[in-house]
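Mapping to the numbering used here: the sequence shown position 57 is 57, numbers consecutive.
Below you'll find the structure, written out as structure tokens, and then a few comments.
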Amino acid sequence: MTEDCIFCKIVAGKVGGPPLYQDDEMTAFKDINPQSPTHILIVTNQHLASLNEATEADQAVLGRLLLLAAKLAKDEGIAEQGYRLVINNGREAGQEVFHLHLHLMGGRKMRLMG
Ligand code: 5GP
Ligand code: ZN
């Protein structure tokens with residue numbers, strides 16, 4: 001756990017409620033400021049600041065993030081109508097929390113850029 005990282009604290013159960021999903025590699029929880037009716041964040045339990053820090057050793061867990069997103073979309077009932085997966089990587093892309101995370105958003109019609 002990295003001190004001062006809000007997502008590390010959520011993974012550790014120190015802040016926030018119970019996660020939607022957690023195993024020994026990944027945690028999923030609702031975004032505090034949802035941009036769509038379904039807005040879930042999926043994070044690696046291990047602190048990785050961004051994709052820039054990912055290595056071959058992270059290949060499997062990064063793949064599993066996508067599979068978990070698809071499973072959660074099914075659980076949320078939005079798999080058929082569609083959903084969007086987003087990773088904001090770096091400041092200019094809008095990354096605000098520097099702990100790698102995947103946004104799973106759906107439940108409304110998306111425009112190209114939002
Ligand atoms: P980013 O802009 O880094 O891609 O996305 C960060 C996301 O984390 C934002 O959508 C923001 O609403 C969410 N967020 C920030 N702090 C918290 C928090 O303490 N709890 C939860 N559940 N979400 C958070
Ligand atoms: Zn972290």
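Don't be surprised by glycine CBs; every beta carbon is placed ideally from N, CA and C.
Just so it is clear, the structure is predicted and the values come from calculations on it, not from any experiment.
According to DSSP, residues forming a beta bridge with residue i
i	result
Leu-85	Leu-104
Gln-22	Thr-27
Val-15	Its beta-bridge partners do not exist; DSSP assigns none.
Reduced DSSP secondary structure (H/G/I, E/B, other) of residue i
i	result
Ile-133	The chain is shown only over 1 to 114; residue 133 falls outside these bounds and no answer can be derived.
Ile-32	coil
Gly-61	Here the sequence assigns Val to residue 61, which means Gly is not the residue at that position. Helix, per DSSP.
Leu-51	helix
Leu-41	strand
Leu-112	coil
Cys-5	coil
Glu-96	coil
Alpha-carbon spacing of residue i relative to residue j, whole angstroms
i	j	result
Cys-5	Arg-108	30 angstroms
Leu-41	Glu-56	23 angstroms
Cβ contact (3+ pairs, closer than 8 angstroms) linking the segment 61 to 75 and the segment 18 to 38: The answer is yes - the segment 18 to 38 touches the segment 61 to 75, with three or more Cβ pairs under 8 angstroms.
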